Ligand SMILES: Cc1cc2nc3c(=O)[nH]c(=O)nc-3n(C[C@H](O)[C@H](O)[C@H](O)COP(=O)(O)O)c2cc1C
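Residue numbers (our numbering): 141 to 321.
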């Protein structure tokens with residue numbers, strides 16, 4: 141199996157990175173392959189909300205030519221996802237929001253059900269890394285995001301877990317992340 145670990149922090153030595161490393165260790169210990177994606181290293185532009193609101197995202201693509209296309213394509217070749225964001229202002233980080241805003245449009249398409257979807261029915265784990273507060277609203281917005289990514293159908297949602305990691309609980313939560321993968 142291949143599992144993509146998506147991180148969205150500028151900090152290469154912070155809590156987000158520790159969560160991603162724990163996930164990577166767990167994935168490799170389970171004899172799966174970890175595909176690590178650091179959104180902050182990539183060039184991903186913000187959604188332009190084309191025309192009157194929808195562009196070719198209605199067909200599962202985005203007109204912008206940047207690293208989004210590369211990651212989106214790669215998502216089709218993996219079996220599951222771990223998404224780790226730092227908590228900024230009780231929300232996911234800007235790089236996560238920019239990426240997932242565009243992914244949601246390309247994937248959560250209610251009008252073309254015949255479209256081949258790259259993440260539908262694949263399991264995911266969401267992790268919010270904070271100093272202390274805001275993991276719950278951040279995870280709630282991630283749950284809402286994946287609800288839309290799965291065409292607003294609770295039956296299709298294959299979430300495995302929503303995990304809040306803080307400076308207070310990291311000693312056992314990092315072990316838990318490694319363990320559950
Ligand atoms: C702009 C900004 C906003 C933040 N907002 C919160 C917050 O709402 N709650 C919190 O507990 N920590 C907050 N923090 C702290 C980060 O969540 C914390 O440092 C976390 O570990 C960041 O991930 P990192 O270690 O990968 O940098 C904020 C940090 C920044 C830079």
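We put the CB at the ideal spot given by N, CA and C, even for glycine. Here the structure is a predicted model, which is why all the values come from computation and not from measurement.
Residue j beta carbon less than 9 Å from that of residue i
i           : j           : result
residue 278 : residue 245 : no
residue 314 : residue 158 : yes
residue 184 : residue 208 : yes
residue 321 : residue 146 : no
residue 267 : residue 225 : yes
Ligand 1 heavy atom lying under 8 Å from the CB of residue i
i           : result
residue 149 : yes
residue 270 : yes
residue 223 : no
residue 312 : no
residue 226 : yes
residue 238 : no
residue 164 : no
residue 273 : yes
Anticipated Cβ contact below 8 Å, residue i with residue j, distance rounded
i           : j           : result
residue 148 : residue 281 : Incorrect: roughly 13 Å between the Cβ atoms, too far for contact.
residue 227 : residue 270 : 4 Å
residue 229 : residue 263 : Contact flag wrong, Cβ pair sits at about 28 Å.
Minimum Cβ-Cβ distance from residue i to chain B less than 9 Å
i           : result
residue 173 : Absent here is chain B; the protein component of the structure consists of one chain.
Three or more beta-carbon pairs under 8 Å between the segment 172 to 179 and the segment 190 to 199, yes or no? Short answer: they don't touch.
TODO: Go through the segment 154 to 190 residue by residue and report every complete run of the beta strand (DSSP E) that reaches 3 residues or more, in order.
DONE: Fully enclosed beta strand (DSSP E) runs of no fewer than 3 residues occupy 173 to 178 of the segment 154 to 190, in order along the chain.
3 or more residues per run - each beta strand (DSSP E) lying fully within the segment 193 to 260: The beta strand (DSSP E) runs lying completely inside the segment 193 to 260 and spanning 3 residues or more are 220 to 226, given in chain order.
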